[in-house]
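**Student:** Sharing a structure, written as C-alpha cells. Questions coming.
Structure, rendered in C-alpha cells:
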C-alpha cells in the first residue's frame, strides 16, 4: 500500500491507470507526481520475484528524492505464477511489455501534469527488476537515459531449472543436507581463512574470487557434530561453490556459482525444498501445477525450461549498442555474497557487452561488485549506495563513476562507509585511519 501521510513525506499527486495493450492484458500502474520540488526527471521502478505488486516503497523513495515516480504490478496480482496458465499475453506483459507500456504512459502523464516533458528518465531495480532493466536497454533503447540493473536474473528460465536441480542434489540423501544451524559455523570458518586477505579484518571478504577455501578442513573426525561437516555435507558445500553441472555427464546446467561469504543465505537454494519462485516457474511455465520436481531430468528438462517461455524472460542479449549510441548509461551491480543469483552472471554479462559492442562500452557501461552484500541488499558489507544519483551524474556530466560511497547500517545507524569500486577494481586500505571510513580506502 502507499505510505501513510506524514509531515516528513512530501505531498504528491497519485495517478492510477489500467493498461490493456492486448485483449487479455490488465496492467496496473501508478504514477506519483511531487507537488513541489520536482527535479524534472522520471524514475521508473521494477519488480522482484514474479512481480504481481506495485513497488510502493521504491515509488516513495523516488518521490522523496524529487523524482516523478512510476511502478507496475507487471499485469497480474500476487507473487505466484498462476497468471500464466491459459494466458500467454500475460506472460508477455510480465516478461517485458508491462515495463515498456508503463514507461511510455508515465511520460505522457508527467508531461500533461507539469506541462513539461521529463528532461531525463531512469530505471532502477534489482533481481527480476535487474532483468527488466537489461531488457529495456536491449529492446527499448529510447525509454531511458540511464538504467540501473542490480543482481539481474537475466537467464531466468535456466536459473529456475538449475536452482531446482541444485536443491534436489543437496537433498540427495538426509546425510548430505547441511542444517541451517551450521551455516554460521561455516561462515566463520570462511572468514577466518579469507577475511584478512585484503589487509583488513572486518567481517567482509573484499574479493571472494581470491578465497580458496578447502571444505575438507571442516570434516568431522568422528561422529557428526555442530562444529564440523560430514563427508556428504562437504560435497554439498563444494556443490554450492562450483558451476551447476549434471553430476553424470558433467554438462553445465548454469554457468554461475555462489561464492565464499554467502553461506548465511544458503537456505534459499539449499533448503528442504526448491525456492518458491523457481518451483513456481518450473511448474507453471514449463510443466503443469501437478509437476513433481523430483522427476527433473538433466540436461533435457533444463533445455526444455530455456525454450518454454519463448525467450520472453530472457535478458541476456549483449547488444545494447542502440542504447549506448543515443547516450544511454548502464550501471550494473551485484552482491558478491548473493546466495540466489550467482555473481558470475553479472561479470559474464559485463564482459559479453564489452565483447559485443566494443569501444562504446568504455564510457557507457559500469559494473559494481559489492563485497559482503547478499541478494540486492543486506549482509555484512556496505550495501546502501545511491545508484540512481550516480547514473544521473554520469548522464549529465559524461563522467563515468569509478567509485560510489556505500554505507552499512546497524539498527538504522550508519556504522561504516566504504567505497564501492567499479569492476574490476577493489577497495584497498591506505594503511592509516579508521577502517570504517571510506576516505581511508582507494579503488585500484
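Residue numbers (the working numbering): -2 to 441. By construction, the Cβ of each residue, glycine as well, lies at the ideal position given by its N, Cα and C atoms.
Counting only the same chain and skipping the five closest in sequence on each side, list residues whose C-beta sits under 6 Å from that of residue 131.
**Tutor:** Answer for residue 131: 146, 149, 151 and 312, listed in chain order.
**Student:** Look up residue 129 in the DSSP assignment and say whether it is helix, strand or coil.
**Tutor:** In the structure shown, residue 129 sits in a helix (DSSP, three-state: H, G or I).
**Student:** Could you tell me the alpha carbon to alpha carbon distance between residue 211 and residue 235, rounded to whole angstroms?
**Tutor:** About 9 Å.
**Student:** Between which two residues does the beta strand (DSSP E) containing residue 367 stretch?
**Tutor:** Taken as a continuous stretch (DSSP letters only), the beta strand (DSSP E) holding residue 367 covers 362 to 367.
**Student:** So is residue 44 buried or exposed if we call it buried at 16+ other beta carbons inside 10 Å?
**Tutor:** Burial call: buried.
**Student:** Keeping to the same chain, check which residues put their C-beta closer than 8 Å to that of residue 309; ignore five residues upstream and five downstream.
**Tutor:** Excluding positions up to five away in sequence, the list reads 88, 89, 91, 92 and 93.
**Student:** Which residue wins for smallest C-alpha separation from residue 83, given the options 244, 191, 21 and 267?
**Tutor:** Answer by Cα proximity: 21.
**Student:** Leaving aside the five residues before and after residue 422 along the sequence, list all residues of the same chain whose C-beta is less than 6 Å from its C-beta, in chain order.
**Tutor:** 440 and 441.
**Student:** Please report the straight-line C-alpha distance between residue 391 and residue 59, rounded to a whole angstrom.
**Tutor:** For residue 391 and residue 59, the distance between alpha carbons rounds to 18 Å.
**Student:** Grab me the residues of residue 289's own chain with a C-beta within less than 6 Å of its C-beta, minus the 5 sequence neighbours each way, in chain order.
**Tutor:** So no residue of the chain qualifies.
**Student:** Measuring CB to CB, does residue 70 end up less than 8 Å from residue 46?
**Tutor:** It is not a contact, given that the beta carbons lie outside the stated cut-off.
**Student:** Is there a Cβ of chain B sitting closer than 8 Å to that of residue 375, yes or no?
**Tutor:** Within the model displayed, chain B is absent; a lone protein chain is all it includes.
**Student:** For residue 365, which of 377, 437, 134 and 424 has the nearest alpha-carbon?
**Tutor:** The option with the nearest alpha carbon to residue 365 is 424.
**Student:** Can you give me the C-alpha to C-alpha distance between residue 295 and residue 172, rounded to a whole angstrom?
**Tutor:** Each residue's Cα considered, the two are about 23 Å apart.
**Student:** Round the Cβ separation of residue 385 and residue 40 to the nearest angstrom and send it over; I've been treating them as touching at under 8 Å.
**Tutor:** Sure, about 6 Å apart at Cβ, within 8 Å.
**Student:** Could you check the C-alpha separation between residue 202 and residue 331 for me, to the nearest Å?
**Tutor:** About 14 Å.
**Student:** Under the DSSP definition of a beta bridge, which residues are partnered with residue 425?
**Tutor:** Bridge partners of residue 425: 439.
**Student:** Go ahead and pull the three-state DSSP assignment for residue 14.
**Tutor:** If DSSP states are grouped into helix, strand and coil, residue 14 belongs with the strands.
**Student:** Output the boundary residues of the beta strand (DSSP E) element that contains residue 121.
**Tutor:** 117 to 123 is the span of the beta strand (DSSP E), which, as asked, contains residue 121.
**Student:** Starting from the Cα of residue 128, find the closest Cα among 102, 325, 261 and 42 and give me that residue.
**Tutor:** The shortest Cα separation from residue 128 among 102, 325, 261 and 42 belongs to 42.
**Student:** To the nearest angstrom, report how far apart residue 8 and residue 409 are at their CA atoms.
**Tutor:** Going from the Cα of residue 8 to the Cα of residue 409 covers about 25 Å.
**Student:** Go ahead and pull the three-state DSSP assignment for residue 311.
**Tutor:** Strand.
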